[in-house]
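Colleague: The structure follows.
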Amino acid sequence: MLAVHGCPRNPLYCYLYPWMGREWLLDGLRRPGVRLGRQGAVVEEATVMVGHTHLQFHLTLDGRRVVNPGSVGQPRDGDPRAGYALLDLESGRVELGRVEYPVERVVRRLEEMGVPEPYMIALKTMLLEARTPSRPPGV
């Protein structure tokens, strides 16, 4: 199994979304240093855990499982519960789940910490509504 924050091609900054299409997804599964559109070795691991998008998904691509467990604190799909993935490496079974957590308490604690208002507005939107905030008009 290989686990990266983004994707194997760019472990820190790559985004993989399930709707990207086969070629884009395979490009993301190439070894680091291979530029988009160039041939390079796709990772050999049967399971690749990714993140960065905060979107929970599981798909199979050319015999490889690609799993994003989602986000514990800032999901981007409208469901504020914490996301997780359970993976059975022997059977290949993947279970995506959600669990409630005291998100309102987290927001109160951030307010008590004195997080500056522009950041607090964004954090509240992400934590309570599980989406990225809209940009105000004129900004």
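Numbering of the sequence shown is given in the UniProt record's numbering, commencing with residue 1 and proceeding in unit increments.
For glycine and all other residues, C-beta sits at the position ideal for the given N, C-alpha and C.
(1) Pick out whichever of Gly51, Asp77, Glu44 has its Cα sitting closest to the Cα of Cys14.
(2) Quick check on the DSSP output: what are the complete alpha helix (DSSP H) runs of length 4 or more inside the region 79-122, in order along the chain?
(3) Would you report the Cα separation of Leu12 and His5, rounded to the nearest angstrom?
(4) In terms of residue numbering, what span does the beta strand (DSSP E) encompassing Arg65 cover?
(5) State yes or no: is the C-beta of Ala46 within less than 8 Å of the C-beta of Arg65?
(6) How is the beta strand (DSSP E) around Leu61 delimited, first residue to last?
(7) Quick one: is Leu25 buried, meaning 16 or more other Cβ sit within 10 Å of its Cβ, or exposed?
(8) Can you list, in chain order, the residues of its chain whose CB lies under 6 Å from that of Tyr101, leaving out five sequence neighbours each side?
(9) What's the C-alpha gap between Pro127 and Asp62?
(10) Please report how far the alpha carbon of Leu59 lies from the alpha carbon of Ala41, in whole angstroms.
(11) Kindly indicate which three-state DSSP category Met49 falls into: helix, strand or coil?
Modeller: Quick look at the numbers:
(1) Taking the first residue of the sequence shown as position 1, residue 14 is located at position 14. Taking only the C-alpha atoms, the option nearest Cys14 is Gly51.
(2) Qualifying alpha helix (DSSP H) stretches, in chain order: 103-112.
(3) The sequence position of residue 12 within the sequence shown is 12, counting from 1. The sequence position of residue 5 within the sequence shown is 5, counting from 1. Taking C-alpha positions only, Leu12 is separated from His5 by approximately 6 Å.
(4) The residue labelled residue 65 in the question sits at position 65 within the sequence shown. Following the DSSP letters along the chain, one finds Arg65 inside the beta strand (DSSP E) bounded by residues 64-68.
(5) Translated into the one-based positions of the sequence shown, residue 46 becomes position 46. Translated into the one-based positions of the sequence shown, residue 65 becomes position 65. Going by C-beta atoms, Ala46 is nearer than 8 Å to Arg65.
(6) On the sequence shown, position 61 is the one that residue 61 refers to. 57-61 is the extent of the beta strand (DSSP E) around Leu61.
(7) Taking the sequence shown and counting its residues from 1, the one referred to as residue 25 is at position 25. Taking every protein chain shown into account, the CB of Leu25 has 16 or more other CB atoms within 10 angstroms, so this residue is buried.
(8) Position 101 of the sequence shown holds residue 101. So the qualifying residues of the chain are Ala82.
(9) Residue numbering aside, residue 127 sits at position 127 when the sequence shown is read from its first letter. Residue numbering aside, residue 62 sits at position 62 when the sequence shown is read from its first letter. Contrary to the premise, residue 127 reads as Leu rather than Pro in this sequence. Taking the straight line from one Cα to the other gives about 35 Å.
(10) Residue 59 sits at position 59 when you count from the first residue of the sequence shown. Residue 41 sits at position 41 when you count from the first residue of the sequence shown. Taking the straight line joining both Cα atoms gives about 20 Å.
(11) Locating residue 49 in the sequence shown gives position 49, where the first residue counts as 1. Per DSSP, reduced to three states, the secondary structure at Met49 is strand.
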